[in-house]
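S.K.: Just passing along the structure, written as C-alpha cells.
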Amino acid sequence: MLNQPDGLVMSSVAILCDWQNVRGTQAQLRCLIAFACLRGTIAFKRAYAHWRREEAQWEEVFDDLEFECINTPSSKRKKNNADHKLIAHCRQQILPHPDIKTVILLSGDGDFKGLVCDLQAKGKEVIVIAQCLKKTSRKLRQAADEFHLWQQLC
Numbered sequence: 002m003l004n005q006p007d008g009l010v011m012s013s014v015a016i017l018c019d020w021q022n023v024r025g026t027q028a029q030l031r032c033l034i035a036f037a038c039l040r041g042t043i044a045f046k047r048a049y050a051h052w053r054r055e056e057a058q059w060e061e062v063f064d065d066l067e068f069e070c071i072n073t074p075s076s077k078r079k080k081n082n083a084d085h086k087l088i089a090h091c092r093q094q095i096l097p098h099p100d101i102k103t104v105i106l107l108s109g110d111g112d113f114k115g116l117v118c119d120l121q122a123k124g125k126e127v128i129v130i131a132q133c134l135k136k137t138s139r140k141l142r143q144a145a146d147e148f149h150l151w152q153q154l155c
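According to the numbering used here, the residues represented by the sequence shown are 2 to 155, in order.
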C-alpha cells in the first residue's frame with residue numbers, strides 16, 4: 002500500500018476486462034482508468050480476448066494504456082476460454098494478494114458471480130462495469146458491491 006501525503010493509505014486496484022463481453026471506446030477506457038485511480042493505485046490491468054480475431058488497433062490501444070493483453074483463443078470446444086482464464090488468473094494472482102482491496106470487473110457475464118463472491122469473502126470490494134443493462138446477468142449485478150454502465154463513467 003502507498004502512503005499519500007495527507008497520511009491516507011491508498012490500497013491497490015485490479016482491472017480485469019472481458020473484452021469479448023464488454024466493448025468500449027478508447028475514451029471510455031481512459032475514463033475507466035481515471036475511475037480506478039480514484040479507488041487506489043492500479044496494480045493490475047488485464048484485457049482478455051482472442052486478440053488474433055480483434056482489429057489490431059485494439060491490442061495497440063490496450064498496450065498504450067499499459068494493459069496486459071491476454072490472448073484467449075476460442076473455438077466450439079473452448080467457448081468461454083476468456084472467462085476461464087480470467088477466473089483462473091484472478092484466483093491465482095489477485096485473490097491471495099492482500100494489498101488489492103478493489104477489483105474492477107468489466108463484464109456482464111453471469112459466469113463471474115462465483116468469482117465475485119470469492120473475492121468478497123476475502124474482503125475485497127468488487128465493482129462490475131457492463132456495457133448494457135439488458136445483457137448483464139442480474140445475479141452478477143446483485144452480487145457486486147457496485148454496478149456501473151460504461152456510459153456512466155465518462
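Think of the CB as a built atom: it goes at the ideal place given N, C-alpha and C, for glycine as much as any other residue.
If you're wondering where the values come from, they're calculated on a predicted model, not measured in any experiment.
Please state if the CB of LEU150 and the CB of GLN121 are separated by a distance shorter than 9 Å.
M.R.: Translated into positions along the sequence shown, residue 121 becomes position 120. Translated into positions along the sequence shown, residue 150 becomes position 149. Cβ distance not < 9 Å, so GLN121 and LEU150 don't count as in contact.
S.K.: Let me make sure I understand the geometry here. Which of PRO97, ILE88, PRO99 has the alpha-carbon closest to that of LEU106?
M.R.: Taking the sequence shown and counting its residues from 1, one reaches residue 106 at position 105. For the residues PRO97, ILE88, PRO99, the minimum Cα distance to LEU106 belongs to ILE88.
S.K.: Would you kindly work out how many angstroms separate the C-alpha atoms of ARG24 and ASP100, rounded to a whole number?
M.R.: Locating residue 24 in the sequence shown gives position 23, counting from the first residue. Locating residue 100 in the sequence shown gives position 99, counting from the first residue. Approximately 29 Å, taken between the alpha carbons.
S.K.: Nearest CA to the CA of GLU56: which residue from GLN93, GLN21, ILE43, ARG31?
M.R.: Sequence index remark: in the sequence shown, residue 56 carries index 55 (1-based). Among GLN93, GLN21, ILE43, ARG31, the Cα nearest to that of GLU56 is on GLN21.
S.K.: Whose C-beta lies closer than 6 Å to the C-beta of GLY111 among residues of the same chain, with five residues either side of it excluded?
M.R.: For this step, residue 111 is matched to residue 110 along the sequence shown. Here the set comprises SER138, LYS140, LEU141.
S.K.: Just curious, the beta strand (DSSP E) that ILE101 is in, first and last residue?
M.R.: Looking up residue 101 in the sequence shown gives position 100. Counting along the chain, the beta strand (DSSP E) containing ILE101 begins and ends at 101-107.
S.K.: Skipping 5 residues on each side, what residues in its chain have a beta carbon closer than 7 Å to that of ALA145?
M.R.: Within the sequence shown, residue 145 is the residue found at index 144, counting from 1. Correct list, in chain order: VAL117, VAL127, ILE128, VAL129.
S.K.: Given PRO6, which residues of its chain have a CB within under 7 Å of its CB, disregarding the five upstream and five downstream residues?
M.R.: Translated into positions along the sequence shown, residue 6 becomes position 5. Note that PRO6 scores 47 on pLDDT, short of 50, meaning its location in the model is unreliable; the coordinates nonetheless yield the value given after this. Apart from the 5 residues on each side of it in sequence, PRO6 has no Cβ closer than 7 Å to any other Cβ in its chain.
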